[in-house]
Amino acid sequence: MPGPDPIPFLKMHGCANDYLFLDAIEHPDLADISAKIVRAMCHRRTGLGADGVIILTRDAGTWSARVVNADGSDGGMCGNGLRCAARLLQDHHGAPSDFEVRMGGRTIAARVGHDVVSLAMGRVRLGATPMGIDMDILGAGGGEPLYTLEGLRIGFGDIGNPHMVILSDSEPTEADLARFGPRYERRPAFPQGMNVHLVHIKTPLQIVMRSHERGAGPTQACGSGACVVAALLVAAGLASSNVEVRVPGGVLHVRVEEDANCTLTGPVAYVCEGTFLQ
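Residues 0 to 277, numbered by numbering that gives the first Met the number 0, are exactly what the sequence shown covers, in order.
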């Protein structure tokens, strides 16, 4: 008896933040892939291994990309994944070097180079209040954009997905991330869950970041997180408006403009393509 149809995929990464891409432009049936299959594909032991799946569609001339986390939940926004998607859409579907793509309710302008892609990510909404976070539940003190929680200096921002930033006096380690990431990913005060970032400011021009993403766990990079971190630090007077964000998987560059509008730039790379046997 024949098994389920194999699923064609293409794998890419941006600073080792890796995603499996499903082309629902060519294969419309892939647009509604189940969370169960996403979990199977992303499993790093028994599947292909990835931080998530990104589904590409086009409707009435509009390019769109939808990110699903490795655990099958909705990712909302994904800066590194969208940078990879922009390159893929140019290479495989003839998108121009400058074009717009929808993700997470935002229309984002992409500029595609040979191995570097920039995205005009839009405005970061800073602070707990715009995100609907009840600081009384957390027992946090201080005021926007920085708070004090359990002895930590923290901040919040939303760029299509929610982020919590923890400032560190030294470069964060894997052990630090393992300690704080799961602790703050899920809290009663965070009904949407939380992407958690540990950040050390080396200079106003360079910061070091480690990320624990909701639905994926520790990742090598987080593009949307880099934007939130940069915007937060600029608002707090702690960083330059052009900042280098060093992550375990490489280097991202963020430019913060007026009203916390961010441009994200970094490398993209192809890994492999094939079919996943369900």
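Glycine is no exception: its CB is placed at the ideal position from the N, C-alpha and C atoms.
Query: Let me know if M0 comes out buried or exposed under the rule of 16 or more other beta-carbons within 10 Å of its beta-carbon.; Result: Because the pLDDT at M0 is just 35, under 50, the model does not fix this residue reliably, and the value given afterwards should be weighed accordingly. By the neighbour-count rule (16 or more Cβ atoms within 10 Å), M0 is not buried but exposed.
Query: Which term fits S33, buried or exposed, when burial requires 16 or more other beta carbons within 10 angstroms of its beta carbon?; Result: exposed
Query: State the start and end residues of the unbroken beta strand (DSSP E) segment that holds V233.; Result: That residue, V233, is in no beta strand (DSSP E); its alpha helix (DSSP H) goes 222 to 234.
Query: Count the CB pairs spanning the stretch 232 to 248 and the stretch 59 to 66 that are closer than 8 Å, and state whether there are at least three.; Result: no
Query: Identify every run of the alpha helix (DSSP H) within the stretch 102 to 148, keeping only runs that are complete inside it and at least 4 residues long; order them along the chain.; Result: 134 to 137
Query: Just checking, does the stretch 6 to 25 make contact with the stretch 72 to 92 on the three C-beta pairs under 8 Å criterion?; Result: yes
Query: Considering G78, what are the terminal residues of the alpha helix (DSSP H) in which it resides?; Result: 78 to 92
Query: Would you mind stating whether A84 and V100 have Cβ atoms separated by less than 8 Å?; Result: yes
Query: Taking only the alpha-carbon atoms, compute the straight-line gap between E243 and V198 and give it to the nearest angstrom.; Result: 12 Å
Query: If you follow the beta strand (DSSP E) that L47 is part of, which residue opens it and which one closes it?; Result: Here L47 belongs to no beta strand (DSSP E), and DSSP marks it neither H nor E.
Query: Since E25 is in the beta strand (DSSP E), which residue starts that stretch and which ends it?; Result: First-last for E25: undefined, no H or E at that position.
Query: At which residue ranges does the stretch 162 to 208 contain complete beta strand (DSSP E) runs of 3 or more residues, listed in the order of the chain?; Result: 194 to 202
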